[in-house]
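Notes to accompany the following structure.
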Amino acid sequence: MPQSLPAATRRSLLAYNLFFPLVFLALLPGFLRRMFRRGGFRENFGQRVGRYSAEARTRFATGRWWWIHSISVGETLVALKLAQELHRHDPALRLVITVTTSTGFALARDARADWLEVLYNPIDGRSIVTSALDLIHPERLILIEGEAWPNLLAECRARRIPVALVNARLSPRSERRFLKARYWIAPIFDLIDQVCVPEPTDVPRWQQLGIPAERLHVTGSIKFDSAIETNPGRTAEFRALLDSLGVRDDAPILVAGSTWAPEEKILAETLLVLRREFPKLFLIIVPRHIERSSDILRDLAPLGLRLCRRSSLPLAASADCDALLVDTTGELRDWYALATVVFVGKSLPGIAEVGGQNPAEPAALGKPIVLGPHMENFAALVDLLHYHQAAITIPDSSALTAALRDLLTNPLKRTTMGQQARAALDSHRGATNRTVEILTRSP
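Residue numbers (this note's numbering): 1 to 443.
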């Protein structure tokens, strides 16, 4: 343990390193099950334990490197946006994005360039993070959203590597948990040199956890900023896929994004009811975890719904399709772009882990949005959307049909809500540039 650290930090690290192996072993079986279901877990497994190939060591032997640490697909999209802007700011800079999940890794790998490398995140063991830092020799470490790993932070402090936390998100649940453990948590957060938060209201919340005011910067959300960009080529490609399924331009499309069980069944039942009034209505389900696709197909089979899988298109396209299950990753934004109405998942009662998914992308695309009551993880954004009358929150699943019917029968309301949703995100435009300005200053 680095002896230059304050006594409180050394105490927190000692406790962490005593308990982390026990917690890690307890959670490992569940983590492995999820990873095996997602696939690709064995690929480059050595990187997770600090073992790197000779080829990797050669690639990192030269150049100035910054390390961007992310977790899954959502954070990786932020990391890629930030990496591109940093490279535009300084073309000589080289960046490495590290990711935990195989889906996030695949997304980042597709964007790899001569200045951008992709690795799996090292487990936060002292010898493992030491090996990773010895490989990369980063000038700076950038953490995305909320991943503050104690051993990694401590080793960076010992090596005088500045650490920044960007797009810093603190859910109400995490805030309560951290405040209860503030005695142990605050010394770890003190190892972070810069914290970039989306909203002014986030500043006092992070101060409660021990971050001094001079380290806090209000930049807006990169996630909201990146949501504004679309790919016209991909939109046209996906529109052609819908044409192959018999979904014409005049057909209303309900896109349900980042859904959790049992939301898919609720949406399918709602579709069957609404189709009596809107026979051309088409449902696109984009589950939060694509490894649940087989379970979703099984759950929806008794309803008699003709469900097509995105992974089978365009080879198995059929005009007899009532709904599309998107069992591929990295496409949610493109499906949102084609929506008439959007439902944002993980928000209805009855889900094992509520809190909501991010409504920024459909808002930035100017789509009318329907939400369940549980959007605690994005409370500030939802309040903003409500203030602009850009989203409808329903109390429970029984109100879903009425809310969707209202929007489907009222095109003027849909247009107005979409315009207001875009306006609500105006304050986040340029968040990526503002973050880069902070990062390129001396901490």
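All residues carry an ideal CB built from backbone N, CA and C; glycine is no exception.
Can you tell me which of the three DSSP states residue i falls into?
i, result
"Gln194", "strand"
"Phe189", "helix"
"Pro287", "strand"
"Glu331", "coil"
"Leu325", "strand"
"Ala337", "coil"
"Thr393", "strand"
"Tyr16", "helix"
"Asp74", "The question names Asp, but residue 74 in the sequence shown is Gly. It is helical."
"His69", "strand"
"Glu145", "coil"
"Arg234", "helix"
"Leu343", "The sequence shown places Phe at residue 343, not Leu. Strand at Phe343."
"Leu245", "coil"
"Ser258", "strand"
"Ile266", "helix"
Can you list, in chain order, the residues of its chain whose CB lies under 6 Å from that of residue i, leaving out five sequence neighbours each side?
i, result
"Val118", "Ile97, Ala108, Arg109, Arg112"
"Glu75", "Ile144, Glu145"
"Glu263", "Gly345, Leu348"
"Thr9", "Pro187"
"Arg169", "Glu145, Gly146"
"Ser397", "Ile266, Leu348"
"Phe60", "Leu135, Ile136"
Taking all protein chains shown into account, decide if residue i is buried (16 or more other Cβ within 10 angstroms of its Cβ) or exposed.
i, result
"Thr219", "buried"
"Asp320", "exposed"
"Tyr387", "exposed"
"Phe163", "The residue you asked about is not Phe; residue 163 is Val in the sequence shown. Val163 comes out buried."
"Gly30", "exposed"
"His89", "exposed"
"Pro198", "buried"
"Ala301", "exposed"
Compare the Cα-Cα distances from residue i to each of the options and report the closest residue.
i, options, result
"Ala15", "Tyr183, Arg239, Ala323", "Tyr183"
"Ala379", "Thr201, Pro29, Ile351", "Thr201"
"Arg159", "Asn151, Asp383, Leu165", "Asn151"
"Leu305", "Leu315, Pro314, Arg275, Arg215", "Arg275"
"Pro279", "Cys308, Arg248, Asp299, Glu214", "Arg248"
"Glu214", "Phe24, Asp190, Asp299", "Asp190"
"Thr328", "Leu133, Glu199, Val73, Leu5", "Val73"
"Arg310", "Ala301, Glu237, Asp299", "Glu237"
"Asp334", "Ala323, Leu5, Thr235, Ile253", "Thr235"
"Leu241", "Arg176, Ala7, Pro314", "Pro314"
"Leu18", "Gly125, Arg429, Glu175, Arg176", "Gly125"
"Asp225", "Glu437, Leu425, Ser127, Leu22", "Leu425"
"Leu13", "Ser131, Ala54, Pro122, Ala148", "Ala148"
"Leu141", "Ile128, Pro91, Ser127, Gln194", "Gln194"
Within its chain, find whatever has a CB closer than 7 Å to the CB of residue i; leave out the 5 residues flanking it on each side and keep chain order.
i, result
"Leu407", "Val341, Pro368, Lys413, Arg414"
"Gln420", "His388, Gln389, Ala390"
"Leu381", "Pro359, Ala360"
"Ile185", "Phe178, Leu209"
"Leu5", "Ala154, Arg157"
Can you name, in chain order, every residue of its own chain whose Cβ lies under 8 Å from the Cβ of residue i, other than the five neighbours on each side?
i, result
"Tyr336", "Val255, Gly257, Val342, Glu361, Pro362, Leu365, Lys367"
"Glu353", "Trp260, Lys346"
"Ile222", "Val78, Lys81, Leu82, Val166, Asn167, Ala431, Thr432, Thr435"
"Arg94", "Gly63, Arg64, Trp65, Trp66, Trp115, Leu116, Glu117"
"Asp295", "Ala261"
Could you check whether the segment 281 to 300 touches the segment 252 to 269, counting it as contact only if at least three pairs of C-beta atoms, one from each stretch, sit closer than 8 Å? Verdict: yes, contact present.
Examine the Cβ distances between the segment 360 to 377 and the segment 288 to 306 and report whether three or more of them are shorter than 8 Å. Contact between the segment 360 to 377 and the segment 288 to 306 is absent: fewer than three C-beta pairs spanning the two stretches fall below 8 Å.
Touch check for the segment 115 to 135 and the segment 100 to 107: three-plus C-beta pairs under 8 Å? Taking 8 Å as the limit for Cβ pairs, the verdict is that the segment 100 to 107 does touch the segment 115 to 135.
Just checking, does the segment 85 to 101 make contact with the segment 56 to 71 on the three C-beta pairs under 8 Å criterion? Touching, yes, given that three or more Cβ pairs across the two stretches are closer than 8 Å.
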